[in-house]
DNA sequence: AGCGTTCACTGAACGATGTTCATAAACTAA
DNA sequence: TTAGTTTATGAACATCGTTCAGTGAACGCT
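Chains as they are written, first to last, in this note's numbering: chain A, 1033 to 1240; chain B, 1033 to 1240.
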């Protein structure tokens, strides 16, 4: 499996430069917001001339795309940790909480992934691996519920996962752009909506 | 009630100019997207010099804000028409369909209102009249349901309206940025989610 | 070792952006 | 008519993404 033992110091340094640029870009986005992600700003941060960035990235959008990919992997990581919850019902709550927490704690990253035009289009559509994996975590929980016979007959796990994502994204993004409107904190709102949704979807059982 | 019979041709022309500018701006956003809304582009459209725009508006953002306000009034208009449905349950469906249709047919307007940073913050928070009125339409439907005793005990109409808005915004905005992900058309997805949500919130009755 | 080639990088520039300012024309009020 | 306010302009400034002709330094080869 050794792809290349000594990766040629040339390429090594090239990849280092790429990494440094991305790291600087990430720092800027986190500290000053996505709007501050400027080629000249990045260049100053890494000690390059603005033109040098184009030797490592095609455009500013390419850097943003890469950053978005990393953000998506980060989100996937959080969801994966939440997905360790064994009970599928509690897992759904944990996944939702993790998702909303990510959006709250790294709003600029979230905006970059899901709210910037012309980029997120490919984030979940299959092209992005982490995005698909993240979605699979949600779908898995519903699939387990279905397999355990705890779902109403007509309920489709994939559709439910999509619905859950829609709900989570609705909370996360509305909170970001219309925080005054969403006076309720995210968590209680999420809990109550999840309650209603699951209440409508779960098979009713006399308490066993 | 006559505020001012002859509004002084001075002011008349000034307001005309404002209207012309906004109209041109609206045309640009609709035809070429929000990103194309440039001061120079607007100026060219209305036949002014770029600097002249600053005699009528404080900044580009002010124009965008005004446009967003108009968009919100337009959305409110659609919702108001849908709100004529008498049965509150059917009305909720109609409101949802109208909302999603607005976002689909005028995506750039929707993005301007709800997805552009630093603007939508005040769209629903009470400052904007149309926004509050639009929300009241949703809340009204749930309040009627509650008054008719068709809601579960713990259900709070205002919270439910917020939840519905979250859901609608989730569908509308995810469709815009991750259309590949939302392979399902908006309407069936909305219908099924609304079904589950209401199913979990409505008081169960033996069919009367 | 020396030579030629490739590579990483820079400085200056281009077109476009939002915005400001001095200036001129046009309209209003006396 | 004259004085003054309003409206519009053209040129300019700073900043943006991006391109391109050069400049060394590092690399591969003989």
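Backbone N, C-alpha and C fix where the C-beta goes; we use that ideal spot for every residue, glycine too. Predicted model only: the values in this text are computed from it and were never measured.
For residue i, write down the residues that DSSP places opposite it in a beta bridge.
i: residue 1062/B; result: Partner(s): none; residue 1062/B has no beta bridge.
i: residue 1183/A; result: 1234/A
What does residue i reach in chain A if we use C-beta pairs closer than 9 Å?
i: residue 1217/B; result: Within chain A, no residue comes near residue 1217/B; the closest Cβ sits about 12 Å away, beyond 9 Å.
i: residue 1169/B; result: Those do not exist, as residue 1169/B stays about 15 Å from chain A at its closest Cβ, beyond 9 Å.
i: residue 1060/B; result: The premise fails here: residue 1060/B is roughly 16 Å from chain A at the closest Cβ pair, so nothing lies under 9 Å.
i: residue 1091/B; result: By Cβ distance, chain A contributes nothing, its closest Cβ being about 15 Å from residue 1091/B, past 9 Å.
i: residue 1081/B; result: Per Cβ cutoff of 9 Å: no residues; residue 1081/B is ~28 Å from chain A at best.
Give the interface partners of residue i over in chain A, defined as CB-CB distance under 8 Å, in chain order.
i: residue 1233/B; result: 1228, 1231, 1232
i: residue 1195/B; result: 1221, 1224, 1225, 1228
In this structure, how does DSSP classify residue i when only helix, strand and coil are distinguished?
i: residue 1086/A; result: helix
i: residue 1172/B; result: helix
i: residue 1226/A; result: helix
i: residue 1149/A; result: coil
i: residue 1080/B; result: coil
i: residue 1214/A; result: coil
i: residue 1141/B; result: helix
i: residue 1034/A; result: With a pLDDT of 39 at residue 1034/A, under the threshold of 50, the modelled position of this residue cannot be trusted; read the value that follows with caution. In this structure, residue 1034/A counts as coil in the three-state DSSP scheme.
i: residue 1160/B; result: coil
i: residue 1177/A; result: helix
i: residue 1239/B; result: In this prediction, residue 1239/B has a pLDDT of 42, which is less than 50 and means its spatial position is unreliable; what the coordinates show is noted afterwards. In the structure shown, residue 1239/B sits in coil (DSSP, three-state: anything other than H, G, I, E or B).
i: residue 1069/A; result: coil
Where do the ends of the alpha helix (DSSP H) carrying residue i lie?
i: residue 1134/A; result: 1120 to 1137
i: residue 978/A; result: No statement about residue 978/A is possible, as the shown extent of chain A runs from 1033 to 1240 and does not include it.
i: residue 1099/A; result: 1092 to 1114
Considering Cα atoms alone, identify which of the options is closest to residue i.
i: residue 1066/A; options: 1230/A, 1082/A, 1232/A, 1100/A; result: 1100/A
i: residue 1161/B; options: 1108/B, 1177/B, 1126/B; result: 1108/B
i: residue 1046/A; options: 1086/A, 1224/A, 1059/A, 1077/A; result: 1086/A
i: residue 1146/B; options: 1205/A, 1064/A, 1057/A; result: 1205/A
i: residue 1112/B; options: 1172/B, 1184/B, 1219/B; result: 1172/B
i: residue 1106/A; options: 1135/A, 1123/A, 1200/A; result: 1135/A
i: residue 1183/A; options: 1228/B, 1094/B, 1043/B; result: 1228/B
i: residue 1234/A; options: 1041/A, 1177/A, 1060/A, 1170/A; result: 1177/A
i: residue 1119/B; options: 1138/B, 1179/B, 1063/B; result: 1179/B
i: residue 1122/A; options: 1223/A, 1192/A, 1210/A; result: 1223/A
i: residue 1218/A; options: 1202/A, 1230/A, 1232/A; result: 1202/A
i: residue 1103/A; options: 1198/A, 1127/A, 1163/A, 1070/A; result: 1163/A
i: residue 1170/A; options: 1220/A, 1116/A, 1232/A, 1072/A; result: 1116/A
i: residue 1130/B; options: 1097/B, 1110/B, 1140/B; result: 1110/B
i: residue 1097/A; options: 1133/A, 1069/A, 1114/A; result: 1069/A
i: residue 1190/B; options: 1231/B, 1062/B, 1166/B, 1139/B; result: 1166/B
i: residue 1141/A; options: 1226/A, 1044/A, 1174/A, 1057/A; result: 1057/A
i: residue 1054/A; options: 1088/A, 1081/A, 1197/A; result: 1088/A
i: residue 1095/B; options: 1049/B, 1185/B, 1193/B, 1181/B; result: 1049/B
At a CB-CB cut-off below 8 Å, which residues of chain B make contact with residue i?
i: residue 1144/A; result: Under the 8 Å cutoff, chain B gives no residues; its nearest Cβ is about 11 Å from residue 1144/A.
i: residue 1191/A; result: 1216, 1221, 1224
i: residue 1040/A; result: Those within 8 Å of residue 1040/A in chain B number zero; the least Cβ separation is about 37 Å.
For residue i, which residues in chain B fall below 9 Å Cβ to Cβ?
i: residue 1149/A; result: 1065, 1066, 1067, 1143, 1147, 1208, 1209
i: residue 1106/A; result: Near residue 1106/A there are no residues of chain B at all, since even the closest Cβ is about 18 Å away, more than 9 Å.
Residue i touches chain B at which residues, Cβ-Cβ below 7 Å?
i: residue 1202/A; result: 1198, 1199, 1201, 1202
List the residues of chain A whose Cβ lies closer than 7 Å to the Cβ of residue i, in chain order.
i: residue 1125/B; result: Ordered by position in chain A, no residue passes the 7 Å Cβ test against residue 1125/B, which lies about 15 Å from the chain.
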